[in-house]
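Trainee: Under our numbering, residues 6 to 191 are what the sequence shown spells out, in order. Take a look at the following structure, please.
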Amino acid sequence: MLQSWYLASDTFSFMISLLLLILAHKWPHMRNWLFGYVGGFFYVLPGFIAYFGDYDPFFVPSPQTQKDSFIDDREFSDFYAPFHMNFACYFCGVLAAIAYREISEKQFKLHKNKLFQCLWYALIPIGVLWLLSAHPIYQHYYEEQPRFWNSIYAAIQRNNWGLGLGVFVVGMACKVGGLFRKFSCL
C-alpha cells in the first residue's frame, strides 16, 4: 500500500468538493464567492508552504529517496502528498465539470466560437512551454535558489496546469479540437 497516500488525498479532496457543491446548491447566490475564496486559498497555499518550509517549487526525489520508497522524506510528506497541495488542481476539474454542465444546459455552441478555438489551440504550445518553465530555476542547481520566487512558482505551476487541463477537457467535450478530439475518442 505504498501509494495509499494518493487514495487518501483524492478521497479527502472529493469530500471537501462535495461539501462545497452542497453549500453552493443550498445558497446559489453565494456560489461564486464560495468558489472564489476556496479556490484562491488553495491556490496560494502551496506557495506559503514552499516558502516557510524552504522547499523547491516541485518535488524532485533523490535516488536515495526513491530507493527508500519515500519513507521518512519530509519534503514528500509535507509538500507533495497532502490533499491541500493538490486540492486547487482537483477543484479546477470540479469547476470544469460545472462549466461544461452550464454550457450544455444553455446549448452554447462552443465549437463555433472562434475566440475559444484560438485560445483552446493555444493551450497546446503553452502546455509544452510550461513543461520547460522550470529550467531557469534548476539551471544553476548548485546555487541556493531564492525562496520568494520558488514559492511564487510553487503556487502557480501545478494549479495553472490543472486550470489549463480543465479548459482543454471542456473544449474537447464541446467538440473543439478536430484531430485531437478524434484521437482521444478512439
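Every residue gets a Cβ at the ideal spot worked out from N, C-alpha and C, and that includes glycine. As the structure is a prediction and not an experimental result, all values here were calculated from the model.
DSSP three-state label for isoleucine 76, please.
Mentor: On the sequence shown, position 71 is the one that residue 76 refers to. The answer is coil: DSSP assigns isoleucine 76 none of H, G, I, E or B.
Trainee: Report the CB separation of glycine 169 from isoleucine 131 in whole angstroms; it is logged as a contact under 8 Å.
Mentor: Translated into the one-based positions of the sequence shown, residue 169 becomes position 164. Translated into the one-based positions of the sequence shown, residue 131 becomes position 126. The pair is a contact, with the Cβ atoms about 7 Å apart (cut-off 8 Å).
Trainee: Inspect the beta-carbon positions of asparagine 39 and leucine 28 and report whether they are closer than 8 Å.
Mentor: Position 34 of the sequence shown, counting from 1, holds the residue named residue 39. Position 23 of the sequence shown, counting from 1, holds the residue named residue 28. It should be pointed out that residue 39 corresponds to leucine in this sequence rather than to asparagine. For leucine 39 and leucine 28, yes; Cβs fall inside 8 Å.
Trainee: How would you call tryptophan 125, buried or exposed, if buried means at least 16 neighbouring beta carbons within 10 angstroms?
Mentor: Here residue 125 is taken as the residue at index 120 of the sequence shown, counted from 1. Buried: at least 16 other Cβ atoms inside 10 Å.
Trainee: What are the boundary residues of the alpha helix (DSSP H) that includes alanine 104?
Mentor: Here the question's residue 104 lines up with position 99 in the sequence shown. Element bounds for alanine 104: 88–110.
Trainee: If we ignore side chains and look at the alpha-carbon of each, how far apart do isoleucine 129 and glutamine 144 end up?
Mentor: Along the sequence shown, one-based indexing puts residue 129 at 124. Along the sequence shown, one-based indexing puts residue 144 at 139. About 24 Å.
Trainee: Can you confirm whether the segment 146–157 touches the segment 174–187 when touching is taken to mean that 3 or more C-beta pairs between the two stretches lie within less than 8 Å?
Mentor: Result no; under three Cβ-Cβ pairs closer than 8 Å.
Trainee: Taking the alpha carbon of arginine 36 as the point to measure from, which residue in Pro51, Leu100, His89 and Ala160 has its own alpha carbon closest?
Mentor: Within the sequence shown, numbered from 1, the residue matching residue 36 stands at position 31. Among Pro51, Leu100, His89 and Ala160, the Cα nearest to that of arginine 36 belongs to Leu100.
Trainee: If you count every other CB in all the chains shown that lies within 10 Å of the CB of arginine 106, and 16 or more means buried, which is it?
Mentor: Counting from one through the sequence shown, the residue named residue 106 turns up at place 101. Label assigned to arginine 106: exposed.
Trainee: State yes or no: is the C-beta of cysteine 94 within less than 8 Å of the C-beta of tryptophan 32?
Mentor: Taking the sequence shown and counting its residues from 1, the one referred to as residue 94 is at position 89. Taking the sequence shown and counting its residues from 1, the one referred to as residue 32 is at position 27. Going by C-beta atoms, cysteine 94 is not nearer than 8 Å to tryptophan 32.
Trainee: Pull up the distance between the alpha-carbon of alanine 160 and that of lysine 180, whole angstroms please.
Mentor: As a position in the sequence shown, residue 160 is number 155, starting the count at 1. As a position in the sequence shown, residue 180 is number 175, starting the count at 1. If I take the Cα positions, the gap works out to 31 Å.
Trainee: Report yes if the C-beta distance between phenylalanine 96 and phenylalanine 17 is below 8 Å; otherwise report no.
Mentor: Within the sequence shown, residue 96 is the residue found at index 91, counting from 1. Within the sequence shown, residue 17 is the residue found at index 12, counting from 1. For phenylalanine 96 and phenylalanine 17, no; Cβs fall outside 8 Å.
Trainee: Buried or exposed: where does valine 175 fall if 16 or more other Cβ atoms within 10 Å of its Cβ makes it buried?
Mentor: Residue mapping note: residue 175 aligns to position 170 of the sequence shown, counting from 1. Buried: at least 16 other Cβ atoms inside 10 Å.
Trainee: Give the single residue among Ile103, Ala139 and Lys117 whose Cα lies nearest to the Cα of histidine 30.
Mentor: As a working mapping, residue 30 is identified with position 25 in the sequence shown. Residue Ile103 is the option with its Cα nearest to histidine 30.
Trainee: Taking the C-alpha atoms as reference points, what is the distance between tyrosine 85 and methionine 20?
Mentor: Indexing the sequence shown from 1 puts residue 85 at position 80. Indexing the sequence shown from 1 puts residue 20 at position 15. Straight-line Cα distance between these residues: approximately 19 Å.
Trainee: Would you call arginine 163 buried or exposed, if buried means 16 or more other Cβ atoms sit within 10 Å of its Cβ?
Mentor: To locate residue 163, count along the sequence shown from 1; it is residue 158. Result: buried.
Trainee: Based on Cα-Cα distance, which residue from Lys111, Val43, Ala178 and Asp78 lies nearest to leucine 26?
Mentor: Counted from its first residue, the sequence shown places residue 26 at position 21. Selected option, being the one with the closest Cα: Val43.
Trainee: Locate the alpha helix (DSSP H) running through alanine 127, then write down its first and last residues.
Mentor: The residue you call residue 127 lines up with position 122 of the sequence shown. Taken as a continuous stretch (DSSP letters only), the alpha helix (DSSP H) holding alanine 127 covers 119–136.
Trainee: Does alanine 55 pass the burial test, meaning 16 or more other C-beta atoms within 10 Å, or should it be called exposed?
Mentor: In the sequence shown, counting from the first residue as 1, residue 55 sits at position 50. Alanine 55 comes out buried.
Trainee: Is the beta carbon of alanine 127 closer than 8 Å to that of proline 62?
Mentor: The residue you call residue 62 lines up with position 57 of the sequence shown. The residue you call residue 127 lines up with position 122 of the sequence shown. Cβ distance not < 8 Å, so proline 62 and alanine 127 don't count as in contact.
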